[in-house]
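Enquirer: The structure that follows is given in the form of structure tokens.
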Amino acid sequence: MEPERWKDLVGYGILAPSPDNSQPWRFSVKEGALYIFDDKRRSSFLYNAGNRASLITMGAVIENINIAASHHSLKIDAEYLPPGDPDLVAILKAKEGDVEEDPLFPYIEKRCTNRKPYDGRPLEAGVREDLVEEAATVGGVDLSIVDERKRVSTLAKAIGRSDEMLFKKRELLEGLIPWIRWSREEARMWKDGMDLDCLELTPFQRFLFRSLKSWTILSILNLFGGARFAGLHSSRLARSASCLCLLTIPDMEPLSFIRAGRAVERVWLKATALGMAVQPMTGITFLWIVRRLKEEAFTPPERSEVIRIEELLKEVFPDLDGRTPAFLMRMGYAPPPSSRTLRRDVDRVLTVED
Ligand SMILES: Cc1cc2nc3c(=O)[nH]c(=O)nc-3n(C[C@H](O)[C@H](O)[C@H](O)COP(=O)(O)O)c2cc1C
């Protein structure tokens, strides 16, 4: 297919979510096919152990391209993780055909992360079934939804403890800091990362947040409970949701994480269509992955804390049965976010080769 048409589809692809809006992607059009690469310069942080967070991101990018292609009566054939180049995630080929437009297409541009407190109202009728059904359209992925208040509370506690760890452990925090844009101007200049408005911080939290620029100041604040305060804030946000949603996959294989990413995008777009606000809360799921793929990154007390957090997760989802928890989000009803993240232009991330 011609590069111009790929360019249009990639424009929808990059509206996908990525960790801290790091946009760890690169594209190339060669002999009519689209090559999608993981840009490791943008994704080398501890939470991305074994590249699993990037693979979820790429799955979401690919799903957006699939959906947008249907709008142009195109069908995409994907070859995932072709051998040879470790950064190559997929090769996509497009075919003209009698393709029905995917009903999720209008929501690609509307989907966003909403970090505001939600109003705690119960899920509207039929939402649970719609979301579970949407996740199941991607083979191998299951969605479990928790809305019973006692279970929400237990999971919210685990979310708080995982975020507390993020603010205590330097290697984890160092993954986040480069993506904070300290002013709107800075965000507009880089067209990546997250500005303070989209993090929805109160003036006092903003003041504390600025201490992230210095590990020494943060360590002092942590002596007075700074990390604990951040964890309690996440817990409160989780408890304000109508439900918490966990996507699971059968194993830890890279391909399963691409599938998880495709399902994340479909479920998120469906929730958007249903008028719901969504925020991923992935501290627990990524600590789970780090413990299995890079255990040496934890000190013995940290390892024990991760195991305690996993036990809380298993208390809420006793039927995990050896499946991998890949992605956790809260969903609910809330006013729109105060700010939206930006994307680097397609021309900066896509090259055309002869
Ligand atoms: C793998 C992955 C993990 C994420 N984890 C979190 C998280 O723990 N907390 C959060 O607030 N947002 C999380 N996000 C959301 C991103 O920060 C968000 O997608 C990005 O900033 C772009 O903004 P948008 O979703 O509004 O387009 C995650 C996204 C992805 C793809």
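In the working numbering, each number is its position in the sequence shown, counted from 1, plus 2.
For every residue, glycine included, the Cβ atom is placed at its ideal position computed from N, Cα and C.
Since we're looking at a predicted model, the values are computed, not measured.
(1) Taking the alpha carbon of glutamate 65 as the point to measure from, which residue in His74, Arg54, Ile78, Glu135 has its own alpha carbon closest?
(2) How would you label valine 280, buried or exposed, when you count the other beta carbons within 10 angstroms and need 16 or more for buried?
(3) Could you check if glutamine 207 belongs to the surroundings of ligand 1, using beta carbon to heavy atom distance under 6 Å?
(4) Using beta-carbon positions only, say whether arginine 163 and isoleucine 311 come within less than 7 Å of one another.
(5) Run through the DSSP bridge pairs and tell me what arginine 350 is partnered with.
(6) Does DSSP put phenylalanine 29 in a helix, in a strand, or in coil?
(7) Classify aspartate 321: buried if its beta carbon has 16 or more other beta carbons within 10 angstroms, exposed otherwise.
(8) Quick one: grab the DSSP three-state call for serine 146.
(9) The beta strand (DSSP E) with aspartate 79 in it runs from where to where?
(10) Per DSSP, which one or two residues make a beta bridge with lysine 95?
(11) Taking the beta carbon of serine 185 as the centre, do at least 16 other beta carbons fall within 10 Å, making it buried, or is it exposed?
(12) Pull up the DSSP beta-bridge partners for valine 280, would you.
(13) Taking buried to mean at least 16 other C-beta atoms within 10 Å of its own C-beta, is glutamate 188 buried or exposed?
(14) Mind checking whether alanine 51 and lysine 296 have CB atoms under 7 Å apart?
(15) Identify every run of the alpha helix (DSSP H) within the stretch 224-297, keeping only runs that are complete inside it and at least 4 residues long; order them along the chain.
(16) Could you check whether the stretch 132-147 touches the stretch 211-226, counting it as contact only if at least three pairs of C-beta atoms, one from each stretch, sit closer than 8 Å?
(17) Could you have a look at isoleucine 16 and say whether DSSP puts it in helix, strand or coil?
(18) Along the chain, where does the alpha helix (DSSP H) that runs through aspartate 132 open and close?
(19) Measuring only from the beta carbon, is proline 256 closer than 6 Å to any heavy atom that is part of ligand 1?
(20) Use the C-beta contact count for lysine 316: other C-beta atoms within 10 angstroms, 16 or more gives buried, fewer gives exposed.
(21) Look up arginine 183 in the DSSP assignment and give the residues it is bridged to.
(22) Taking the Cβ atom as the reference point for each residue, do leucine 257 and threonine 287 lie within a distance shorter than 7 Å?
(23) Starting from isoleucine 69, trace the alpha helix (DSSP H) in both directions and tell me its first and last residue.
(24) Does the Cβ of asparagine 68 lie closer than 6 Å to at least one heavy atom of ligand 1?
(25) List the endpoints of the continuous beta strand (DSSP E) containing alanine 51.
(26) Indicate whether leucine 165 and serine 236 have their beta-carbon atoms separated by less than 7 Å.
(27) By DSSP, does proline 302 sit in helix, in strand, or in coil?
(28) Please find out if some non-hydrogen atom of ligand 1 comes closer than 6 Å to the beta-carbon of glutamine 25.
(29) Are the beta-carbon atoms of arginine 346 and aspartate 194 separated by less than 7 Å?
(30) Among the residues of its own chain, which have a CB less than 6 Å from the CB of histidine 73, if the five just before and after it don't count?
(31) Nearest to leucine 234 by alpha carbon, out of Arg261, Leu168, Ser146, Asp199?
(32) Any chance the CB of alanine 55 is under 6 Å from a heavy atom of ligand 3?
(33) Applying the criterion that 16 or more other CB atoms from any shown protein chain within 10 Å of the CB defines a buried residue, is leucine 225 buried or exposed?
Expert: In brief:
(1) Nearest option by C-alpha distance: Ile78.
(2) Buried, because 16 or more other Cβ atoms sit within 10 Å of the Cβ of valine 280.
(3) Glutamine 207: no, Cβ never under 6 Å from ligand 1.
(4) Contact: yes.
(5) Its beta-bridge partners do not exist; DSSP assigns none.
(6) DSSP places phenylalanine 29 in strand when its eight states are reduced to three.
(7) Exposed, by the Cβ-count rule.
(8) In the structure shown, serine 146 sits in a strand (DSSP, three-state: E or B).
(9) Here the beta strand (DSSP E) through aspartate 79 covers 76-82.
(10) Asp79.
(11) It counts as exposed.
(12) Paired residue(s): Met333.
(13) Glutamate 188 comes out exposed.
(14) Yes, the pair counts as a contact, with Cβ atoms nearer than the cut-off.
(15) Listed in chain order, the complete alpha helix (DSSP H) runs (minimum 4 residues) inside the stretch 224-297 are 228-241, 256-275, 285-295.
(16) Output reads no: the stretch 211-226 does not touch the stretch 132-147.
(17) Note: isoleucine 16 maps to coil in three-state DSSP.
(18) It spans 129-138 - the alpha helix (DSSP H) in which aspartate 132 sits, taken as one unbroken run.
(19) No, since every heavy atom of ligand 1 falls outside the 6 Å radius drawn around the Cβ of proline 256.
(20) Result: exposed.
(21) Asp197, per the DSSP bridge assignment.
(22) Not closer than 7 Å, so no.
(23) Note, isoleucine 69: alpha helix (DSSP H), 54-73.
(24) Every heavy atom of ligand 1 is 6 Å or more from the Cβ of asparagine 68, so no.
(25) According to the DSSP assignment, alanine 51 belongs to no beta strand (DSSP E), since it is labelled neither H nor E.
(26) It is aspartate, not leucine, that sits at residue 165 in the sequence shown. Serine 236 sits close to aspartate 165, with the two beta carbons spaced by under 7 Å.
(27) DSSP places proline 302 within a helical segment (H, G or I) once states are collapsed to three.
(28) Proximity of the beta carbon of glutamine 25 to ligand 1 is not indicated: no heavy atom of the ligand is located closer than 6 Å.
(29) Yes, they are a contact pair.
(30) Within the same chain, Glu103, Phe107 come within 6 Å of histidine 73 by CB-CB distance, once the 5 residues on both sides are set aside.
(31) Nearest C-alpha to leucine 234: Leu168.
(32) Annotation note on ligand 3: not contained in the displayed structure, which lists ligand 1 as its ligands.
(33) When all chains shown are included, leucine 225 counts as exposed.
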